[in-house]
Structure formats: C-alpha cells, structure tokens
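For the sequence shown, position 67 (counting from the first letter as 1) is numbered 94 according to this note's numbering, and the numbering increases by one without interruption.
Just so it is clear, CB atoms sit at the ideal spot from N, CA and C, and this is done for glycine as well.
Worksheet for the structure shown next.
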Amino acid sequence: GWKPVERVETYAVSGQTGPQLHASMGERGPTIGKSRVRAMAYTNFKLTWVRDYQRQGNACVLVSARPKLIITYTLPKTSGPVPA
C-alpha cells in the first residue's frame with residue numbers, strides 16, 4: 028500500500044537549563060512564513076502526484092493517481108547530555 032515518507036531534520040541548540048535551551052531554540056530555530064519568524068519546531072510537507080493517463084478513443088483518461096507525500100519535521104537537538 029501507499030505510505031508517506033517521513034524525514035527528521037535537526038538544528039543545534041545549547042544550554043544547561045530550561046531557560047537557556049528555550050533561548051537557544053528561539054535564536055536558532057527554523058524560520059517560517061514570509062515574516063521569517065522563528066519557531067522551536069516545524070512540520071512541513073510536499074505533496075505531488077504520479078498520474079497514469081491512457082488513450083481511450085479520442086480522449087485521454089486518468090487510470091491511476093498515486094500520491095507522493097514527504098513530511099519533514101524540524102526539531103532541536105542538543106550537542107550533548109542535558110541535566111535532568
């Protein structure tokens with residue numbers, strides 16, 4: 028059957044405390060939209076279709092359409108262990 032493709036991309040954050048990590052995510056997170064505002068995490072997708080058309084008489088008929096969906100998650104990642 029059909030399945031989407033899922034990818035995870037990461038960006039580096041640093042800090043040893045919650046507030047430090049939060050600030051790092053705010054400074055380094057992915058930019059989104061026309062305003063280029065920063066987010067801490069982001070999910071994006073690309074949907075395309077693979078279509079099969081066949082001639083039937085004087086017409087072209089769509090006989091199958093298969094989606095191709097790529098979902099990309101952008102998440103923060105620390106360079107090392109963080110205290111609990």
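When you compare only the Cα positions, how much space is there between residue i and residue j?
| i | j | result |
| --- | --- | --- |
| Thr-77 | Val-90 | Here residue 77 turns out to be Val, not Thr, going by the sequence shown. If I take the Cα positions, the gap works out to 11 Å. |
| Lys-61 | Lys-30 | 31 Å |
| Tyr-69 | His-49 | 15 Å |
| Thr-105 | Gln-83 | 58 Å |
| Glu-36 | Cys-87 | 41 Å |
| Gly-45 | Asp-79 | 52 Å |
| Thr-99 | Asn-85 | 42 Å |
| Pro-57 | Lys-95 | 24 Å |
| Arg-63 | Gly-28 | 37 Å |
| Ser-51 | Ala-39 | 9 Å |
| Gly-107 | Gln-43 | 10 Å |
| Gln-112 | Phe-72 | With the chain represented from 28 up to 111, any question about residue 112 goes unanswered, as that position is not in the structure. |
| Ile-33 | Ile-97 | In the sequence as displayed, the identity of residue 33 is Glu instead of Ile. Approximately 6 Å, taken between the alpha carbons. |
On a Cα-Cα basis, can you pick out the residue from the options that is closest to residue i?
| i | options | result |
| --- | --- | --- |
| Gln-81 | Leu-74, Asn-71 and Ala-92 | Ala-92 |
| Ser-41 | Lys-73, Glu-54, Asn-85 and Val-64 | Glu-54 |
| Ala-66 | Pro-108, Pro-103 and Val-109 | Pro-103 |
Does the beta-carbon of residue i, which I'm using as the reference point, lie nearer than 7 Å to any heavy atom of the ligand ADP?
| i | result |
| --- | --- |
| Ser-41 | Among the ligands in the structure shown, none appear at all, so the ligand ADP cannot be discussed. |
Could you please give me the residues that DSSP links to residue i through a beta bridge?
| i | result |
| --- | --- |
| Thr-58 | Arg-65 |
| Lys-95 | Thr-75 |
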